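Residue numbers in the sequence shown follow UniProt numbering, run continuously in steps of one, and reach 843 at the last position. The beta-carbon is built from N, C-alpha and C at its ideal position, and this holds for glycine as well. Every value quoted in this text rests on a predicted model; they were computed, and no experiment measured them.
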Amino acid sequence: MRPALLRLLRRPSAVSILDCLVSTPSGIEQLESRYKCLRCQSRSVQQNTGLCQTQPELVDDETPARQRRARTKSFRIHEIEPPWSNASDVGLDDFTKLLKLQPEKLEFESDVGHTDDLGTRLVDQPSYRLNFALWEVLLRYRQRHYGDEGTLEIWKGLTIRMDSVLLPVIGERADFFWRSFISAGLKKDSFLKDLADYALELWEATGNRWGGFYDSVVGGFLERGMLQQAVEWHKTLQNPHLAHPNDILRVLELAMASFPLSDTTSLIVPHRNVGRRMSPGVRAFQDICRATDGHHIYGPVISNLLKHGYSMDALLMHGFLTERQDHPRDFEEIQPLLDYAEKYESPGVFKGLQEYARHRFESQPVSNGPGKASPQDSHPKGKGGRWLKHKPTKDEFAARLFATHALTFDMIVGGLQMFGVRAIGSQPLREMAARAHGCQDLLEKLNKLQKADISIGDSVFARLVRKLATEDRWFLLSELVSTDQHPDVFENAALQESLLTQYYVARDWQQYNMALAILDLVSDEGPEMFNIHFRKHIAAREWSAAAKIVDDMALRGKTLANQSMEFLIAQVLTPRRRGVGPAAGCGGHAEDEVGFLFRIFRRVVPAGVFVPPELWIELLKRLGMTRRWDRFRELSLWIARYYAPSKKRSNPSGMGSFPPSGRSPAIGMGPPPSGPGDRMLERIFNPQMQAAIVAWGFMMRLSSKPETKACRIPSLIEQGNGDPIVVPWVRGLALLRELEREGVRLREQEIRRACRQRLAVLFGRPRHSSRRWNRLLRRENPYDVHQVLADVARAWGCSLFGDQENDVERLVNPPSSKMSQRRTHRTLFREVHFEKGAFVQSK
């Protein structure tokens with residue numbers, strides 16, 4: 001029937017293969033398809049069955065060529081190493097290959113986890129007892145068919161059935177044995193204890209140990225998230241499995257990977273200082289360090305934590321290690337932590353680290369940084385360097401010689417040689433340049449001085465004179481010689497840049513070009529001098545030209561220096577008092593200043609320029625106080641998207657992620673910020689800023705026009721219904737939800753409190769407010785409290801106040817603080833006693 005079926009099939013069928021698989025006693029993993037077909041392999045197995053019933057001869061007198069021809073080829077899952085050099089391994093390779101083709105025989109030989117029938121197994125014979133090639137075959141079979149229980153049976157065979165069997169500790173076979181036993185021991189504590197005792201006895205008896213025992217046990221528990229067990233086993237295994245206390249570094253990366261940053265949500269207890277808690281894996285490594293004496297691992301630990309994004313853990317580990325007298329060996333080991341704290345931590349944290357570093361390395365000289373030479377090495381030497389060895393003659397005397405018309409140049413040079421002068425200063429050089437007849441004449445005189453072995457030095461003035469003469473810029477050279485500036489002033493780059501700006505504003509192009517030529521020599525900006533021109537335009541309040549320079553720098557892969565950023569902020573932002581909105585800038589609105597800075601920052605921040613979080617907060621405050629909501633929303637979203645972590649913690653699908661029960665999601669219970677981007681978002685959108693966003697969202701005056709009494713919020717688009725129309729005062733809550741989707745951790749308690757305060761201003765009991773906007777919004781409020789609460793829930797995605805909405809009267813009348821009561825009494829007093837000063841006209 002089967003051949004007829006095959007003839008009827010149009011394509012080759014798998015029926016024949018399935019038939020052979022059923023008929024053959026060997027498993028599919030033991031078939032060697034590269035040499036024989038399945039049917040031939042099956043016949044070969046059946047023919048060799050009788051051969052395996054008795055013990056095979058281990059020594060064959062045939063030649064190696066005949067042995068290769070007669071060797072049964074079979075597919076092997078696990079490669080067996082070449083036979084060992086001892087006598088017990090001779091000929092065993094052929095037998096183990098043949099043994100693997102006999103499942104029944106292999107089952108019998110590997111059943112050694114008991115003491116019954118001693119002498120019936122192959123390993124019971126002295127010649128095979130210590131042959132680990134055979135033990136490996138048995139272990140692999142038991143693992144494949146019985147898992148961890150099979151591994152335990154082989155272990156019992158090695159330690160109970162056999163006597164004084166010492167496992168190997170070197171080589172791939174040794175790694176296989178130890179890893180197999182430890183893998184099973186990690187799931188069964190009693191077996192792991194027996195294995196540890198065996199390893200200790202092996203060390204005491206032979207002085208040998210398997211080098212990966214500590215890493216496999218402690219690291220295995222860390223990988224499984226069993227942190228307490230990892231710490232306890234570290235205490236047990238550190239002697240003798242750790243050659244040096246610093247070897248605990250081998251499990252640091254496993255500790256960090258045990259609980260990744262994105263998986264620590266459920267392990268952090270929510271509280272106000274949630275960002276100051278150490279991640280569980282690093283805390284376990286800290287306990288390991290606490291149980292180890294004499295370690296010096298500060299540099300590798302801090303660098304690895306910062307490298308993998310555990311920045312807050314690095315700060316906490318710094319304090320822990322220094323308390324244990326584990327200090328950085330040099331300044332370079334603490335430098336990355338200082339850089340991080342300066343950018344992303346509070347000034348107090350950075351100052352503390354700075355004081356520690358200064359106290360620790362006060363005896364070491366601080367270098368100028370890579371690529372910066374000391375002042376005495378920054379100028380090239382003259383011919384043979386002799387101008388450094390010879391003190392120049394008195395400038396006044398040499399200058400009078402060059403200014404005397406009765407003396408020719410050759411006479412002056414001869415006189416200087418006669419007096420042994422080897423160098424002249426800037427004043428004689430100026431007099432010589434003033435008497436020259438053009439650039440070519442000046443170059444000839446300079447060459448004569450060089451031939452006479454008289455140096456003109458390497459000052460900025462001397463280099464500038466030679467450069468202008470070489471470039472044949474006689475007009476500018478004349479201006480340089482006739483200027484009233486002392487030649488030593490040319491060394492001051494800051495002064496020359498200030499003069500450059502003054503000349504540019506005054507449109508004095510001759511002096512401007514001279515200052516530009518001087519800066520070309522004394523500055524490190526290069527021929528383009530982008531940063532200098534940028535600061536020049538900022539000082540001249542030419543913002544469009546400054547922005548164009550930034551665009552050109554971005555196209556060329558360059559960016560602004562820190563000096564330019566500091567100058568930009570100091571010149572553009574007008575000062576404001578604390579708690580008071582900014583005054584009008586140069587364009588008539590404070591928003592013009594913020595808009596220009598935002599344009600610059602969008603160019604330079606992606607290029608690597610650091611903007612401190614305090615500056616971002618200031619820009620947001622200025623936009624919020626001036627009620628520029630669209631620009632405020634644009635800036636907030638840009639900041640959140642740029643500093644957002646690579647794996648956002650919130651569902652990007654938006655409002656669909658909120659629970660259907662109506663309860664608010666657990667905001668503020670996310671993992672603590674660890675990466676630089678997380679820390680920036682945490683500091684910029686702090687609880688006070690989130691409350692301010694809610695308050696600024698309510699700061700919108702509603703006119704009599706219908707379009708101002710409702711607005712469409714892009715983030716609340718409903719499917720099939722277009723943009724939802726809500727009360728415009730809830731735009732702050734909608735923006736916070738958008739920021740949450742970009743990775744900002746929201747603080748629900750502060751948000752709820754701020755929203756309740758605004759509702760109290762609009763719908764609470766009448767009270768006198770000292771703020772004009774509060775009185776204005778309450779007077780012109782066209783909404784009902786229930787409508788506003790409904791739109792608050794729509795913008796938030798669920799009920800913000802929960803059961804408090806059942807008592808609206810109590811919700812909109814929160815208890816007043818003592819400060820609020822004092823402020824109200826003060827306002828009433830002013831209303832009674834002052835005719836026009838009852839209220840403070842504040843914004």
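- Residue burial is scored here from C-beta neighbours: N447 has fewer than 16 other C-beta atoms within 10 angstroms and is therefore classed as exposed.
- Shown here, S459 sits in coil according to DSSP, grouped into three states, outside any helix or strand.
- With 16 or more neighbouring CB atoms inside 10 Å of its own CB, S216 falls in the buried class.
- The alpha carbon of R756 has as its nearest neighbour, out of A406, L735 and W729, the alpha carbon of W729.
- When the five nearest sequence neighbours on each side are left out, the beta carbons in the same chain lying within less than 7 angstroms of the beta carbon of D293 are those of P245, in order along the chain.
- Here V808 carries a helix assignment [DSSP, helix/strand/coil].
- Here DSSP, grouped into helix, strand and coil, assigns R771 to strand.
- Counting every other CB atom within 10 Å of its CB across the protein chains shown gives A406 a total below 16, marking it as exposed.
- Between the C-alpha atoms of A403 and V481 there is a straight-line separation of about 13 angstroms.
- Taking each of V788, G352, H234 and A795 in turn and checking the Cα distance to R758, the smallest one comes out for V788.
- Counting C-beta pairs closer than 8 angstroms gives three or more between the segment 566–584 and the segment 623–632, which meets the contact rule.
- A distance of 8 angstroms or more separates the beta carbons of A517 and Y503.
- Taking a C-beta distance under 8 angstroms as the contact criterion, V604 and L560 qualify as a contact pair.
- Taken through DSSP and simplified to helix, strand or coil, V726 comes out as strand.
- For C439, the enclosing alpha helix (DSSP H) starts and ends at C439 to K451.
- Apart from the 5 residues on each side of it in sequence, H327 sits with its Cβ closer than 8 angstroms to the Cβ of Y298, L321 and R360 in its chain, given in chain order.
- Nearest Cα to E566 within the set R535, D552 and S544: R535.
- The alpha-carbon separation between S258 and V218 amounts to approximately 12 angstroms.
- Sequence-distant partners of W796 (beyond 5 residues in either direction) whose C-beta falls short of 6 angstroms from its own C-beta, in its chain, are L733.
- Listed in chain order, the non-local C-beta contacts of L500 below 8 angstroms within the same chain comprise Y512, A515, L516, L519, I532 and K536, local neighbours out to five positions each way being set aside.
- Taking the C-beta atoms as reference points, L138 is found no nearer than 8 angstroms to E107.
- In the structure shown, the three-state DSSP call for A423 is strand.
- With distances taken between CA atoms, A695 lies nearest to L735 out of M418, L735 and I684.
- Annotation: V165 to R173 spans about 15 angstroms, alpha carbon to alpha carbon.
- Positions of the alpha helix (DSSP H) runs, each at least 4 residues long and wholly inside the segment 208–267, are given as 213–223, 227–241 and 252–258 in order along the chain.
- The beta carbons of A284 and A255 sit closer together than 8 angstroms.
- Approximately 23 angstroms separates the beta-carbon atoms of Q690 and R602; this is outside 8 angstroms, ruling out the contact.
- The criterion of a C-beta distance shorter than 8 angstroms is not satisfied by G225 and I182.
- Taking each of W543, V550, K105 and A644 in turn and checking the Cα distance to L573, the smallest one comes out for W543.
- I454 is the residue among E431, I454 and L476 whose C-alpha sits nearest the C-alpha of M418.
- Note that the C-beta distance between W233 and W210 is not below 8 angstroms.
- Just measuring C-alpha positions, the residue of G425, E471 and V421 sitting nearest L443 is E471.
- By the criterion of a C-beta distance shorter than 8 angstroms, L306 is surrounded in its chain by A314, P336, L337 and Y340, once the five residues flanking it on both sides are discounted.
- In the same chain as V609, and ignoring 5 residues on each side of it, the C-beta atoms closer than 7 angstroms to its own belong to T559, L560 and M565, in chain order.
- When the beta-carbon positions are compared, N813 and A760 come within less than 8 angstroms of each other.
- Note on N562: under 16 other CB atoms within 10 angstroms of its CB, so exposed under the neighbour-count rule.
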